[in-house]
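Each protein sequence line maps, in turn, to chains A and B.
Using the UniProt record's numbering, the first residue of the first sequence is number 1, and each one after it goes up by one.
Using the UniProt record's numbering, the first residue of the second sequence is number 1, and each one after it goes up by one.
This report refers to the structure that appears directly beneath it.
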Amino acid sequence: MSTAHVLLGLLARGPRHGYDLKREHDERLPQAKPLAYGQVYSTLGRLERDGFVEQSGQDQESGPERTSYTLTELGRDRLDAWLDEVEPPAPHVTSALFNKVVVALLAADADRARLYLTAQRSAHMTRMRELTVSKTTPGTTVGDVIAADYAIGHLDADLRWLQTTLARVADLQKEVSS
Amino acid sequence: MSAPLLTATGVHKNYGNTPALRGVDFSISAGEIVAVTGPSGCGKSTLLHCLAGILPTDAGEVRYRDQDIGLWSEAARSRLRRADFGVLFQFGQLVPELTAAENVALPLLLAGSGRREAREAALGWLDKFGVADLADKRPAAMSGGQQQRCAVARALVTEPQVVFADEPTGALDQLNGEQVLGAMVQVVREQGTAVVLVTHEAAIAAYADREIVLRDGAIDPSGLGVAP
Numbered sequence: 001m002s003t004a005h006v007l008l009g010l011l012a013r014g015p016r017h018g019y020d021l022k023r024e025h026d027e028r029l030p031q032a033k034p035l036a037y038g039q040v041y042s043t044l045g046r047l048e049r050d051g052f053v054e055q056s057g058q059d060q061e062s063g064p065e066r067t068s069y070t071l072t073e074l075g076r077d078r079l080d081a082w083l084d085e086v087e088p089p090a091p092h093v094t095s096a097l098f099n100k101v102v103v104a105l106l107a108a109d110a111d112r113a114r115l116y117l118t119a120q121r122s123a124h125m126t127r128m129r130e131l132t133v134s135k136t137t138p139g140t141t142v143g144d145v146i147a148a149d150y151a152i153g154h155l156d157a158d159l160r161w162l163q164t165t166l167a168r169v170a171d172l173q174k175e176v177s178s
Numbered sequence: 001m002s003a004p005l006l007t008a009t010g011v012h013k014n015y016g017n018t019p020a021l022r023g024v025d026f027s028i029s030a031g032e033i034v035a036v037t038g039p040s041g042c043g044k045s046t047l048l049h050c051l052a053g054i055l056p057t058d059a060g061e062v063r064y065r066d067q068d069i070g071l072w073s074e075a076a077r078s079r080l081r082r083a084d085f086g087v088l089f090q091f092g093q094l095v096p097e098l099t100a101a102e103n104v105a106l107p108l109l110l111a112g113s114g115r116r117e118a119r120e121a122a123l124g125w126l127d128k129f130g131v132a133d134l135a136d137k138r139p140a141a142m143s144g145g146q147q148q149r150c151a152v153a154r155a156l157v158t159e160p161q162v163v164f165a166d167e168p169t170g171a172l173d174q175l176n177g178e179q180v181l182g183a184m185v186q187v188v189r190e191q192g193t194a195v196v197l198v199t200h201e202a203a204i205a206a207y208a209d210r211e212i213v214l215r216d217g218a219i220d221p222s223g224l225g226v227a228p
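As structure tokens, then:
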């Protein structure tokens with residue numbers, strides 16, 4: 001569902017065509033796989049069906065006809081709920097974390113991004129504490145210890161990233177809103 | 001939760017004109033492990049030294065068992081540190097001329113124990129940390145991990161109420177650090193010892209029951225320890 005949320009985030013800045021959305025998605029989230037046009041239109045179709053976006057006009061100026069889409073109030077609520085939601089602290093969630101920070105800046109502001117980073121850090125720390133308790137409980141098997149080590153190592157990498165990203169939010173905002 | 005064992009209220013500490021702590025509140029209960037984290041220079045170590053009564057505060061108070069230790073004489077604070085507190089630093093804390101057993105026995109001897117009794121207790125503590133076979137070796141003949149195990153044994157030998165640990169695994173590789181800390185946490189949990197654990201590493205802070213994050217000498221409620 002993350003691509004849909006990113007599209008909602010891009011539409012929060014104003015109406016866009018499918019083509020604009022693809023271009024902006026690829027530009028703002030360079031670590032993500034480039035979006036296929038087919039995926040943009042099928043995602044927009046689902047978002048429209050669910051009432052999160054609506055068609056707001058046709059533009060035929062240059063070449064083929066293009067439909068432009070606008071975020072609805074329901075879509076705005078859906079986007080806000082996603083930005084509020086902390087990702088489950090599991091290994092390999094980095095790209096979801098990255099997307100949320102960028103979308104928070106696109107759709108709102110630096111404070112929104114910081115609020116999210118803070119909540120995510122707290123969830124990560126809680127999970128890391130649980131894993132540390134489980135691996136240090138007497139009688140834990142070596143297999144369970146190394147499984148916990150694996151998860152802790154990845155959460156630790158996320159935590160370092162959360163910390164440095166917080167320090168860079170203001171600069172990132174300048175870049176994103178340029 | 002039980003009444004706090006050690007509390008700090010509005011603690012300020014300056015080094016010359018530079019504020020190191022700007023009104024920090026802190027509390028720890030018996031048997032609790034609290035991590036103090038934050039970036040370099042945030043005041044973590046200064047807070048630990050103030051809580052342990054090693055550094056006097058410039059304002060605010062530190063209370064141990066509900067007594068303001070700032071009002072005590074240096075001699076009384078020193079007795080408190082010997083009897084009720086244990087301290088553990090990053091490295092270089094063992095006396096190089098003494099053997100492992102002598103190093104660990106030292107706090108007991110200073111507290112008035114007999115030689116034989118102190119040595120026996122020291123051997124028991126070295127055994128708890130898996131280094132009993134090094135009892136008669138000097139620090140120079142031990143690895144960093146072995147030295148730190150001895151230092152942990154020495155911090156705990158008097159069965160203190162609170163251990164102040166400042167980056168206790170900072171000089172060790174990851175696996176050694178984890179083994180030393182894991183062993184220490186297991187022992188303090190059994191003994192009901194409170195630990196103030198200063199660290200800048202999240203994976204080390206995760207051994208604690210909770211953490212406070214400092215930024216520029218004050219508690220950072222966001223927990224991120226970074227200036228916006």
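By construction, the Cβ of each residue, glycine as well, lies at the ideal position given by its N, Cα and C atoms.
query = Of all the residues that make up the stretch 205-216 of chain B, which are near chain A by a beta-carbon distance shorter than 9 Å?
reply = 205, 206, 207, 208, 209, 210 and 211
inquiry  = Quick check: is the beta carbon of residue 156 (chain A) nearer than 8 Å to any beta carbon in chain B?
reply    = In the first sequence, residue 156 (chain A) corresponds to position 156, counting from 1. True, the Cβ-Cβ gap to chain B drops below 8 Å.
message = I'd like the list of long-range same chain contacts for residue 111 (chain B), defined as Cβ closer than 7 Å, with 5 residues on each side in sequence excluded.
response = For the purposes of this step, residue 111 (chain B) is taken as residue 111 along the second sequence, with counting starting at 1. Within the same chain, residue 111 (chain B) has close Cβ partners 82, 83 and 158.
Test: residue 203 (chain B) CB closer than 8 Å to a CB of chain A = Within the second sequence, the letter at position 203 stands for residue 203 (chain B). Yes, contact with chain A.
query = Helix, strand or coil: how does DSSP classify residue 13 (chain B) here?
reply = In the second sequence, the residue the question calls residue 13 (chain B) occupies position 13. Correct three-state label for residue 13 (chain B): strand.
task = Return the first residue and the last residue of the beta strand (DSSP E) that residue 60 (chain B) is part of.
result = What you label residue 60 (chain B) is simply residue 60 of the second sequence in a count that begins at 1. That run of the beta strand (DSSP E) goes 59-64.
query = With a cut-off of 8 Å, does the C-beta of residue 175 (chain A) fall near any C-beta of chain B?
reply = By 1-based counting over the first sequence, the position of residue 175 (chain A) is 175. Judged by the 8 Å Cβ criterion, residue 175 (chain A) is not in contact with chain B.
message = To test your reading of the DSSP string, which unbroken beta strand (DSSP E) runs of 3 or more residues are found completely within the stretch 38-76 of chain A?
response = 53-59 and 66-71
Proximal chain A residues relative to residue 191 (chain B), where beta-carbon distance stays under 7 Å = As a working note, residue 191 (chain B) is residue 191 in the second sequence. What residue 191 (chain B) touches in chain A: nothing, since even the nearest Cβ is about 15 Å away.
message = Please tell me whether residue 152 (chain A) has its Cβ less than 8 Å away from any Cβ of chain B.
response = In the first sequence, counting from the first residue as 1, residue 152 (chain A) sits at position 152. Interface residue, yes.
key: Cβ-Cβ separation, residue 154 (chain B) to residue 106 (chain B) (assumed contact under 8 Å), whole Å   = Start at 1 with the first residue of the second sequence, and residue 106 (chain B) comes out as number 106. Start at 1 with the first residue of the second sequence, and residue 154 (chain B) comes out as number 154. Their Cβ separation, rounded to whole angstroms, is 7 Å, which keeps residue 106 (chain B) and residue 154 (chain B) in contact under 8 Å.
Separation of residue 156 (chain A) from residue 175 (chain A), as counted between CA atoms = By 1-based counting over the first sequence, the position of residue 175 (chain A) is 175. By 1-based counting over the first sequence, the position of residue 156 (chain A) is 156. Answer to the nearest angstrom: the Cα atoms are 27 Å apart.
key: Close beta carbons around residue 228 (chain B), own chain, < 8 Å, minus the five adjacent residues each side   = Within the second sequence, residue 228 (chain B) is the residue found at index 228, counting from 1. Note that residue 228 (chain B) scores 48 on pLDDT, short of 50, meaning its location in the model is unreliable and no value can be drawn from it.
query = Cβ atoms of residue 119 (chain A) and residue 169 (chain A): under 8 Å apart, would you say?
reply = On the first sequence, residue 169 (chain A) is found 169 positions in, with the first residue counted as 1. On the first sequence, residue 119 (chain A) is found 119 positions in, with the first residue counted as 1. No, the Cβ-Cβ distance between residue 169 (chain A) and residue 119 (chain A) is not below 8 Å.
inquiry  = Given this structure, state the Cα-to-Cα distance separating residue 221 (chain B) from residue 214 (chain B), to the nearest angstrom.
reply    = Taking the first residue of the second sequence as position 1, residue 221 (chain B) is located at position 221. Taking the first residue of the second sequence as position 1, residue 214 (chain B) is located at position 214. So the two alpha carbons sit approximately 9 Å from each other.
message = Counting only beta-carbon separations shorter than 8 Å, does residue 185 (chain B) have a partner in chain A?
response = Looking up residue 185 (chain B) in the second sequence gives position 185. By this cut-off, residue 185 (chain B) is an interface position.
ask   = Which of the three DSSP states, helix, strand or coil, is assigned to residue 131 (chain B)?
value = Counting from one through the second sequence, the residue named residue 131 (chain B) turns up at place 131. Three-state result, residue 131 (chain B): coil.
query = Secondary structure at residue 46 (chain B), three-state DSSP: helix, strand or coil?
reply = Along the second sequence, read from residue 1 onward, the residue named residue 46 (chain B) stands at position 46. Correct three-state label for residue 46 (chain B): helix.
message = Suppose the cutoff is 6 Å on Cβ atoms and the five residues either side in sequence are ignored; what does the same chain contact list for residue 74 (chain A) look like?
response = Counting from 1 along the first sequence, the entry for residue 74 (chain A) is found at position 74. 51 and 52, listed in sequence order.
ask   = Of all the residues that make up the stretch 171-182 of chain B, which are near chain A by a beta-carbon distance shorter than 8 Å?
value = 182
inquiry  = Which runs of the alpha helix (DSSP H) at least 4 residues long sit entirely within the stretch 61-131 of chain B? Give them in chain order.
reply    = 74-83, 100-110 and 115-128
ask   = What's the call for residue 67 (chain B), buried or exposed, on a 16-neighbour Cβ count within 10 Å?
value = For the purposes of this step, residue 67 (chain B) is taken as the residue at position 67 of the second sequence. With fewer than 16 other Cβ atoms within 10 Å, it is exposed.
ask   = Nearest chain B C-beta to residue 49 (chain A) closer than 8 Å, yes or no?
value = Sequence index remark: in the first sequence, residue 49 (chain A) carries index 49 (1-based). So no, residue 49 (chain A) is outside the interface.
query = If we call anything under 8 Å between Cβ atoms a contact, is residue 123 (chain A) one with residue 89 (chain A)?
reply = Taking the first sequence and counting its residues from 1, one reaches residue 123 (chain A) at position 123. Taking the first sequence and counting its residues from 1, one reaches residue 89 (chain A) at position 89. It is a contact, given that the beta carbons lie within the stated cut-off.
Residue 130 (chain B) versus B:57, B:142, B:115 and B:146, residue with shortest Cα-Cα distance = The sequence position of residue 130 (chain B) within the second sequence is 130, counting from 1. The option with the nearest alpha carbon to residue 130 (chain B) is B:146.
ask   = Apart from the five residues just before and just after residue 24 (chain A), which ones in its own chain have a Cβ nearer than 8 Å to its Cβ?
value = Stepping through the first sequence from its first residue, residue 24 (chain A) is reached at position 24. For residue 24 (chain A), where only same-chain residues beyond five positions count, the Cβ hits under 8 Å are 10 and 16.
ask   = According to DSSP, what are the bridge partners of residue 216 (chain A)?
value = Here chain A comprises residues numbered 1 to 178, so residue 216 (chain A) is not present and cannot be evaluated.
task = Could you tell me whether the stretch 188-198 of chain B touches the stretch 140-147 of chain A, using the rule of 3 or more Cβ pairs below 8 Å?
result = no
task = For residue 167 (chain A), I'd like the list of residues in its chain whose CB is within less than 7 Å of its CB, leaving aside the five on either flank, ordered along the chain.
result = For the purposes of this step, residue 167 (chain A) is identified with residue 167 of the first sequence, where counting begins at 1. No residues qualify anywhere along the chain.
request  = Indicate whether at least one CB of chain A lies closer than 8 Å to the CB of residue 228 (chain B).
outcome  = Working through the second sequence from its first residue, we reach residue 228 (chain B) at position 228. With a pLDDT of only 48 at residue 228 (chain B), under 50, the local geometry of the prediction cannot be trusted, and no value is derived from it.
inquiry  = At the 8 Å Cβ level, is residue 172 (chain A) part of the contact set with chain C, yes or no?
reply    = In the structure shown, chain C does not exist; the protein chains are A and B.
message = Looking at the secondary structure, which residues open and close the alpha helix (DSSP H) in which residue 214 (chain B) lies?
response = Your numbering for residue 214 (chain B) matches position 214 in the second sequence. Element bounds for residue 214 (chain B): not the alpha helix (DSSP H) but the beta strand (DSSP E), 210-215.
task = Would you identify the three-state DSSP class for residue 228 (chain B), choosing helix, strand or coil?
result = Locating residue 228 (chain B) in the second sequence gives position 228, where the first residue counts as 1. With a pLDDT of 48 at residue 228 (chain B), under the threshold of 50, the modelled position of this residue cannot be trusted; read the value that follows with caution. Three-state result, residue 228 (chain B): coil.
query = Do the stretch 35-54 of chain A and the stretch 66-82 of chain A touch if we need at least three Cβ pairs shorter than 8 Å?
reply = yes
request  = Determine contact between the stretch 197-206 of chain B and the stretch 166-181 of chain B, defined as no fewer than three beta-carbon pairs at a distance below 8 Å.
outcome  = yes
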